[in-house]
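Trainee: In the working numbering, the protein residues as written are 52 to 370.
From the three backbone atoms N, C-alpha and C, an ideal C-beta is built for every residue, glycine too.
Pasting a structure here, questions to come.
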Ligand code: SF4
Ligand code: SF4
């Protein structure tokens, strides 16, 4: 007899979730070995490796600083706060935030180095969208900042194209000094409170990207520079996450490019549950997952099943 026969289903599920993989050990030992290049010869094929399970969001630990010679530079005075750069980036490498001016000033005061304080302060723009319009309504305007994560940026310049005639982004060559600056500035971005609700129009996808619950694709995936599919995946997750929350989403992927670049062991860009099955099997797998979740009472959890688009006919130009 199962000695745990009296344990509730909820307790058993919790137990399974804890024991599937030791996340702390995985992130330190397994991801650490891949990051420093010792994995192939130094890692034992234990139960953490042999099942190829990857914890959520390990892509956040991947550093792509070395793969491109250039990185975007933000020119705050030209920015209109459209967020097109943030929505277009395939790698979650450029993010925006709106701050209450008083909060921003208080945080900036805490930066001891004068030059760093001035440079980080200059990353925040006064835009019509987030400042002037709200000021006119008497609601108090915010300052809008754009920050680039140098460890995730692949230098594709999609954000610069998206910015277009606003000319608020341009590519510049990387060097040791500016890469250190990008890291400091991005840490400051992370240390700032989440964009207050009053600045987020819940019906606008661009504004959804200001909410942390939308950022369910952390980057660090092995996709090519400028991959359009990665942008689409980010957007699908952002909108779904914004509405339903990350605990209520699971992805069943059909084999294709995205299954390779989002599960290049041990890096996983998803903060949500994800699985992959053979080409045409995804709908059937998704139905099985759906049925199981329903049995568990998880009716509100969304199952996102993808399939490859049909191949174009021979001899015709793909549309
Ligand atoms: S250059 Fe490419 S990867 Fe880097 S922030 Fe811009 S869109 Fe993202
Ligand atoms: S696309 Fe350009 S103008 Fe729009 S938010 Fe980004 S930097 Fe600002």
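Cβ of residue 340 within 8 Å of Cβ of residue 301?
Mentor: Yes. Within cutoff.
Trainee: Quick check for students: name the residue ranges of the beta strand (DSSP E) that lie wholly in the segment 252-326, counting only runs of 3 or more.
Mentor: Qualifying beta strand (DSSP E) stretches, in chain order: 300-305.
Trainee: Go ahead and label residue 279 buried or exposed: buried means 16 or more other beta carbons lie within 10 angstroms of its beta carbon, across all protein chains shown.
Mentor: Result: exposed.
Trainee: Under a three-way DSSP split, which group does residue 433 fall into?
Mentor: Nothing can be reported for residue 433: it is not among the residues displayed for the chain, which extend from 52 to 370.
Trainee: I think residue 144 touches residue 203, with their Cβ atoms under 8 Å apart; what is that distance to the nearest whole Å?
Mentor: The pair is a contact, with the Cβ atoms about 4 Å apart (cut-off 8 Å).
Trainee: Enumerate in chain order the residues of its own chain whose CB-to-CB distance from residue 113 is below 6 Å, with the five nearest sequence positions on each side excluded.
Mentor: For residue 113, where only same-chain residues beyond five positions count, the Cβ hits under 6 Å are 271 and 318.
Trainee: I'd like to confirm the pairing. Which residues does DSSP put opposite residue 47 in its beta bridges?
Mentor: Any property of residue 47 remains undetermined from this structure, which presents the chain solely from 52 to 370.
Trainee: Throw me the rounded Cβ distance for the residue 289 and residue 260 pair, which I believe falls under 8 Å.
Mentor: That pair is a contact at about 6 Å.
Trainee: On the three-pair Cβ rule with 8 Å, is the segment 128-141 touching the segment 346-356?
Mentor: The segment 128-141 is not in contact with the segment 346-356.
Trainee: Could you give the C-beta distance for residue 236 and residue 129, rounded to a whole number, given that I count them as a contact under 8 Å?
Mentor: Not quite, the Cβ-Cβ distance comes to about 18 Å (not below 8 Å), so this is no contact.
Trainee: Give the range of the beta strand (DSSP E) segment to which residue 348 is assigned.
Mentor: Element bounds for residue 348: n/a, residue is neither H nor E.
Trainee: With a CB to CB cut of under 8 Å and the five nearest residues on each side skipped, what residues in its chain are close to residue 208?
Mentor: So the list reads 121, 123, 222 and 277, once near-sequence residues are dropped.
Trainee: Specify, as a first and last residue, the run of the beta strand (DSSP E) that residue 115 falls within.
Mentor: Looking at the DSSP string, residue 115 is not in any beta strand (DSSP E), and its letter there is neither H nor E.
Trainee: For residue 275, count the other beta carbons within 10 Å of its own beta carbon; 16 or more makes it buried, fewer makes it exposed. Which is it?
Mentor: Exposed.
Trainee: Can you have a look at residue 61 and say buried or exposed, based on whether 16 or more other CB atoms are within 10 angstroms of its CB?
Mentor: It counts as exposed.
Trainee: Find out if the Cβ-Cβ distance for the pair residue 159, residue 172 is shorter than 8 Å.
Mentor: Yes, these two residues count as a Cβ contact at 8 Å.
Trainee: Residue 312 and residue 250 look like a contact to me (Cβ under 8 Å); what is the Cβ gap, rounded to whole Å?
Mentor: Going by Cβ atoms, the distance from residue 312 to residue 250 rounds to 33 Å, so no, they are not a contact pair.
Trainee: Between which two residues does the beta strand (DSSP E) carrying residue 198 extend?
Mentor: Looking at the DSSP string, the run of the beta strand (DSSP E) that includes residue 198 is 194-199.
Trainee: Quick check on this structure: which residue in 216, 75, 297 and 134 has the alpha carbon closest to the alpha carbon of residue 106?
Mentor: Looking at the Cα atoms, 75 is the closest of the given residues.
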